[in-house]
Structure formats: structure tokens, C-alpha cells
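**Student:** Residue numbers (this note's numbering): 395 to 781. The structure's right below; bear with me while I get my questions together.
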Ligand SMILES: [Zn+2]
């Protein structure tokens with residue numbers, strides 16, 4: 395028997411859809427009906443009255459390194475992925491890509507093993523696949539990545555890791571030797587190549603674009619800025635509409651005016667909100683830790699390198715990011731909810747499965763307080779999961 399769930403009194407907001415007092419019906423983990431009709435009196439196993447709360451597509455974070463003092467690259471903590479999955483669930487994330495740092499091969503293999511271990515019994519948010527951030531980056535655009543582990547693009551290494559756990563995205567610098575071919579090699583295997591930690595000039599980027607690269611890792615951060623005689627990677631992001639640009643919407647990595655500019659000038663269907671969260675995420679201020687061997691301190695909500703002060707990643711929660719975008723841009727929620735889930739799903743070839751509160755889609759839902767956007771409940775595959 396398929397488990398039937400009814401969610402009543404929902405304010406459903408999904409790409410292009412905004413329905414007050416809606417009823418969402420779920421059967422066998424999928425949404426079977428979204429309507430304005432009152433909830434059926436019987437015929438269900440679970441009935442949840444959300445009392446006017448927002449019901450949005452469960453968030454998908456394609457770029458997250460850690461939370462609660464755990465990092466995807468922790469070799470000694472086999473619970474690192476489960477801990478991150480639990481933290482992600484608390485943000486309303488129903489799927490995420492555990493994201494590695496620029497590290498040695500053995501560490502990356504270990505990370506993949508830990509992902510595979512969690513996938514045996516995924517009790518919280520779903521780990522869809524790995525996002526390798528580096529190690530194939532430009533040593534001049536490290537941000538908080540460790541230069542000791544930087545190396546040239548190597549598809550064989552990616553495929554070796556992918557045998558242990560699927561690799562869905564690789565962030566790398568396309569100007570590195572073999573960078574354009576690497577994009578083609580990734581695309582051929584259904585892996586999203588993404589330019590990041592890159593010092594490429596516009597012309598240096600284009601060969602990889604021509605080979606199918608359509609994704610930018612944390613747009614504006616650790617890439618060549620816009621200049622009127624060399625538009626760089628930031629210029630590429632504004633000039634080329636079909637580049638999926640990751641944006642850290644914490645109002646720190648991009649100031650509110652830059653967020654406004656990005657949302658005003660880039661097509662909404664090609665923006666993907668990410669957290670780029672670190673192990674200090676979900677932890678109090680003052681927390682000190684190492685990131686790939688580099689000391690970092692969390693202060694005033696900003697995670698910065700102890701030496702030099704570079705931003706190291708964020709402590710952003712996905713639900714807060716959605717609120718930030720709404721507050722900063724003033725755009726309708728039904729337009730911007732696509733940047734927190736559906737765009738990511740489309741990018742991974744899952745656009746007909748994930749990212750919408752619509753009939754036929756997987757019932758991955760976040761229930762949010764309509765004012766604070768605080769997460770009240772999360773449904774994964776139609777089942778309410780505790781965090
Ligand atoms: Zn990152």
C-alpha cells in the first residue's frame with residue numbers, strides 16, 4: 395500500500411505558482427495533487443495542517459562543505475556526511491551536493507567513501523552526488539583553498555572517485571592546461587564542469603564554453619573582475635545568458651547592491667543560490683578551525699582566514715538566503731523560488747523530478763514560517779523527517 399499524506403492550509407509557492415489555502419496530496423513519495431479544494435476528510439494515512447505556512451520546493455544546495463564542526467573532507471569522521479545532511483535538513487534542504495576542498499587524492503577518495511556510507515541509510519537530506527571544488531584551480535585564485543594540493547585537470551582522477559560515489563560537478567579553472575578538453579570530458583559523462591577559482595580572461599574562458607561549460611562557481615568570488623578593457627569572468631557572467639551562476643546570498647560574499655545587480659541583469663532561470671557553508675555553519679561566533687590545513691575564525695558571522703583575512707566560505711542557511719533575496723530584490727517569491735531548487739535540478743538533469751510543488755514531482759518540501767522563513771517542517775520523498 396502506498397503511504398498517503400495530505401498537507402492542508404498551505405501557502406504553496408513554486409516556480410510560477412502562488413496558491414493560498416492550498417491542499418497538497420502525496421502518495422508513494424510523489425505529489426499527486428495541488429489544489430484550492432479543502433483537504434479530503436478521509437483516504438489518507440497522515441494529515442498535516444500547516445496553518446497557513448509557506449510550502450516551497452525543498453532546497454537543493456549544490457555547494458556545501460560542512461556544518462556542525464564537520465567537513466566533507468574530514469578523514470577521521472565517518473559521520474561527517476550524515477551530520478551535514480542533518481544540518482541541511484534543518485535549513486529546509488532536501489538534497490545537497492557534499493562539496494570537497496582542494497585536497498590530496500586520498501582525502502577525496504575518503505570523502506567519496508563517507509558519502510557512499512551515508513547513502514546506505516540517508517535519514518536526513520539526500521546527498522545526490524559529489525561536487526569536487528578543485529583541486530584543479532588557478533593557484534593565483536585560491537581564496538581559502540590550500541596551494542599544496544593544486545594540480546592540473548585530470549578526468550581520470552574524477553572518474554576514479556566517481557566509481558565510489560557519483561561526481562555531479564567539478565569546479566576548476568578553465569585556463570589551466572587541458573582546461574577546454576576537461577570540460578568536454580565532463581559533459582560527455584554527465585558531470586557539470588564549472589569555472590571557479592579562475593584567473594581566466596574572457597578569451598581564455600571561451601574554449602571551455604564552446605566545449606559545453608555552462609556553470610560558474612560562486613559568481614564574482616575568486617574570479618577575474620569586470621574591467622572595461624577586459625571583462626573577465628564576471629563580465630562573462632553578465633554577457634552570456636545561459637551560464638548557470640552560483641550565488642552566495644549571505645549579503646557578505648556579494649554586497650546587497652551586487653545581489654540586486656545580479657538579479658536585475660541575469661536571467662532568473664540561470665541563477666543558483668548556494669551556501670558554500672563551512673564546518674562553522676550552525677555554530678556560534680568565535681569558533682576557530684582549520685580549512686584544508688588553513689586556520690579560519692568565525693567572527694560577526696563572517697568566516698575569514700586568520701592570516702590575510704580572505705573570506706573562506708559562509709555560514710548561510712538556505713532558508714535565510716531565500717529571505718535575503720526576497721528582502722534585497724523585492725521580487726515575487728514565485729519567481730525567486732526557482733533559484734533555490736528547480737534551477738539546480740534542471741542543471742543536474744532532474745528538472746522533471748525535483749524543484750517544484752506540482753503533480754508528478756517528488757514530494758520534497760520545505761514548510762516555512764511566512765514572516766521569518768524559519769523552517770517548521772521538511773518532507774523528503776513525501777515523509778516528514780526530524781532534524
Ligand atoms: Zn566552496
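Here a beta-carbon is modelled for each residue, glycine too, at the ideal position from N, C-alpha and C. Predicted model only: the values in this text are computed from it and were never measured.
1) In this structure, does DSSP put residue 643 in helix, strand or coil?
2) What is the DSSP secondary structure of residue 437, reduced to helix, strand or coil?
3) In the DSSP assignment, what residue or residues form a beta bridge with residue 448?
4) Does the segment 426-444 come into contact with the segment 470-481, if we say contact requires no fewer than three beta-carbon pairs (one atom in each stretch) closer than 8 Å?
5) Is residue 527 near ligand 1, judged by its Cβ being under 6 Å from some heavy atom?
6) Between the segment 695-707 and the segment 547-566, can you find at least three pairs of beta-carbon atoms closer than 8 Å?
7) Whose CA, out of 510, 399 and 462, lies closest to the CA of residue 421?
8) In chain order, which continuous runs of the beta strand (DSSP E) of length 3 or greater are located wholly inside the segment 491-559?
9) Between residue 644 and residue 588, is the Cβ-Cβ spacing less than 7 Å?
10) Round the Cβ separation of residue 737 and residue 758 to the nearest angstrom and send it over; I've been treating them as touching at under 8 Å.
11) Once you ignore the five residues that flank residue 484 on each side, which residues in its own chain have a CB closer than 7 Å to its CB?
12) My output table needs one value for residue 742: the three-state DSSP class, helix, strand or coil.
13) From which residue to which residue does the beta strand (DSSP E) around residue 470 run?
14) Examine ligand 1 and report whether any of its heavy atoms sits within less than 6 Å of the Cβ of residue 670.
15) Use the C-beta contact count for residue 416: other C-beta atoms within 10 angstroms, 16 or more gives buried, fewer gives exposed.
16) If you follow the alpha helix (DSSP H) that residue 426 is in, where does it begin and where does it stop?
17) What residue range is occupied by the uninterrupted alpha helix (DSSP H) comprising residue 721?
18) Can you list, in chain order, the residues of its chain with a C-beta nearer than 6 Å to that of residue 579? Leave out the 5 residues immediately preceding and following it.
19) Using the Cβ count rule (16 or more neighbours within 10 Å means buried), how would you classify residue 743?
20) Residue 719 and residue 667 look like a contact to me (Cβ under 8 Å); what is the Cβ gap, rounded to whole Å?
21) Would residue 632 and residue 659 qualify as a contact pair, given that the criterion is a beta-carbon distance under 7 Å?
22) How would you label residue 408, buried or exposed, when you count the other beta carbons within 10 angstroms and need 16 or more for buried?
23) So, do the segment 553-567 and the segment 492-508 have three or more beta carbon pairs nearer to each other than 8 Å?
24) Three or more C-beta pairs closer than 8 Å, one from the segment 567-576 and one from the segment 595-611: is that the case here?
25) Residues in the same chain with beta-carbon distance under 7 Å from residue 426, minus the five sequence neighbours each way, listed in chain order, please.
26) Using a Cβ distance threshold of 8 Å, determine whether the segment 444-459 contacts the segment 480-496, with at least three qualifying pairs required.
27) Going residue by residue through the segment 560-608, where are the continuous beta strand (DSSP E) segments of at least 3 residues, counting only ones entirely within it?
28) Using a threshold of 7 Å, state whether the C-beta atoms of residue 404 and residue 449 are closer than that.
29) From the DSSP secondary-structure annotation, give me the bridge partner or partners of residue 698.
**Tutor:** Reading off the structure:
1) Numbered from 1 along the chain shown, position 249 holds the residue referred to as residue 643. Here residue 643 sits in coil by DSSP.
2) Indexing the chain shown from 1 puts residue 437 at position 43. Note: residue 437 maps to coil in three-state DSSP.
3) The sequence position of residue 448 within the chain shown is 54, counting from 1. Answer is 405 and 762, bridged to residue 448.
4) no
5) As a position in the chain shown, residue 527 is number 133, starting the count at 1. Correct: residue 527 has its Cβ closer than 6 Å to ligand 1.
6) no
7) Working through the chain shown from its first residue, we reach residue 421 at position 27. With distances taken between Cα atoms, residue 421 lies closest to 399.
8) 524-527
9) Against the chain shown, residue 644 aligns to sequence position 250. Against the chain shown, residue 588 aligns to sequence position 194. It is not a contact, given that the beta carbons lie outside the stated cut-off.
10) Along the chain shown, one-based indexing puts residue 737 at 343. Along the chain shown, one-based indexing puts residue 758 at 364. Not a contact, Cβ separation roughly 15 Å.
11) Within the chain shown, the letter at position 90 stands for residue 484. Only 769 and 781 meet the Cβ criterion.
12) Position 348 of the chain shown, counted from the start, is the residue given in the question as residue 742. Coil, per DSSP.
13) Residue numbering aside, residue 470 sits at position 76 when the chain shown is read from its first letter. Residue 470 -> no beta strand (DSSP E), and no H or E assigned at all.
14) Taking the first residue of the chain shown as 1, we reach residue 670 at position 276. Yes, ligand 1 has a heavy atom inside 6 Å of this Cβ.
15) Locating residue 416 in the chain shown gives position 22, where the first residue counts as 1. Buried: at least 16 other Cβ atoms inside 10 Å.
16) The residue given as residue 426 occupies position 32 in the chain shown. Taken as a continuous stretch (DSSP letters only), residue 426 belongs to no alpha helix (DSSP H), being part of the beta strand (DSSP E) at 424-429.
17) Within the chain shown, residue 721 is the residue found at index 327, counting from 1. From DSSP, the alpha helix (DSSP H) with residue 721 extends over 712-723.
18) Mapped onto the chain shown, residue 579 falls at position 185. Closer than 6 Å at Cβ, skipping near neighbours: 549.
19) Stepping through the chain shown from its first residue, residue 743 is reached at position 349. Under this definition residue 743 is an exposed residue.
20) Looking up residue 719 in the chain shown gives position 325. Looking up residue 667 in the chain shown gives position 273. Rounded, the Cβ-Cβ distance is 7 Å, consistent with contact.
21) Stepping through the chain shown from its first residue, residue 632 is reached at position 238. Stepping through the chain shown from its first residue, residue 659 is reached at position 265. It is a contact, given that the beta carbons lie within the stated cut-off.
22) As a first step, residue 408 must be located in the chain shown, where it is residue number 14. Classification for residue 408: buried.
23) yes
24) yes
25) By 1-based counting over the chain shown, the position of residue 426 is 32. Taken in chain order, the residues that qualify are 419, 420 and 753.
26) yes
27) 561-566 and 586-589
28) Here residue 404 corresponds to residue number 10 of the chain shown, with the count starting at 1. Here residue 449 corresponds to residue number 55 of the chain shown, with the count starting at 1. A contact, by the Cβ cut-off of 7 Å.
29) As a first step, residue 698 is located in the chain shown; it is residue number 304 there, counting from the start. Per DSSP, 691 and 705.
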